[in-house]
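**Q** Numbering (this note's numbering), first residue to last: 1 to 174.
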């Protein structure tokens, strides 16, 4: 798929999108760790940094702060996750969730980007590192179109309470 503006998508909405993740390493204030890592952004552009489109690249350095670009991610949307996407889109600040493994040396290595609260929560419960970053406008529009095409909220139904006293009396009330 080529990255086209979401408002140019007629009818069929693609289910995947090419992304890159921007991670930042800065000095830690904690006496137990040297560096503090955080995901600071997701970009929908595929960057080509001197022919290194598929490898991690140092893109910015200022003092002890370093920013690394991790390209080559493919964000996929699934129809059965639409309710989670919908709730993310309705949140005051919609997010992308960057899921990372620790490489054993204290460096998180992102391996997945998701827009699903539920998927991010499942990875977090499995002890993976989950970072939240602001959702770029082009991803918001694309996800919104996907949800509009695949999600129909279920109408809330009023629960009918069972009268347990009737059942206990065998249906006979005094």
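Built from N, CA and C at the ideal position, the CB exists for glycine as well.
Provide the residue span of the alpha helix (DSSP H) that contains residue 148, from first to last.
**A** Segment 137-150, the alpha helix (DSSP H) holding residue 148.
**Q** Could you tell me the distance, in whole angstroms, from the CA atom of residue 98 to the CA atom of residue 138?
**A** In a straight line, the C-alpha of residue 98 is about 17 Å away from that of residue 138.
**Q** I'd like to confirm the pairing. Which residues does DSSP put opposite residue 96 in its beta bridges?
**A** Note: residue 96 sits in a beta bridge opposite 133.
**Q** Considering only C-alpha positions, which residue in the set 163, 153 and 130 is nearest to residue 85?
**A** With distances taken between Cα atoms, residue 85 lies closest to 153.
**Q** For residue 76, I'd like the list of residues in its chain whose CB is within less than 7 Å of its CB, leaving aside the five on either flank, ordered along the chain.
**A** Excluding residues within five positions, the ones whose Cβ falls inside 7 Å are 15 and 16.
**Q** For the region 57-66 against the region 18-38, do three or more pairs of beta-carbon atoms, one drawn from each stretch, fall closer than 8 Å, so that the two count as touching?
**A** Yes: the two stretches touch, three or more of their Cβ pairs being nearer than 8 Å.
**Q** Is residue 62 helix, strand or coil by DSSP?
**A** In the structure shown, residue 62 sits in a strand (DSSP, three-state: E or B).
**Q** Per DSSP, which residues does residue 78 bridge with? Please list them.
**A** Answer is none; residue 78 lacks a bridge partner.
**Q** In the DSSP assignment, what are the bridge partners of residue 41?
**A** Partner(s): 22.
**Q** Out of 129, 165 and 133, state which residue places its alpha-carbon closest to the alpha-carbon of residue 20.
**A** Taking only the C-alpha atoms, the option nearest residue 20 is 133.
**Q** State yes or no: is the C-beta of residue 151 within less than 8 Å of the C-beta of residue 82?
**A** Against a cut-off of 8 Å, the Cβ pair of residue 82 and residue 151 comes out as a contact.
**Q** Would you kindly report the start and end of the unbroken alpha helix (DSSP H) that includes residue 124?
**A** Here the alpha helix (DSSP H) through residue 124 covers 117-125.
**Q** Say yes only if the C-beta of residue 137 is nearer than 7 Å to one or more non-hydrogen atoms of the ligand GTP, and no if none qualify.
**A** Of ligands this structure carries none, so the ligand GTP is not represented either.
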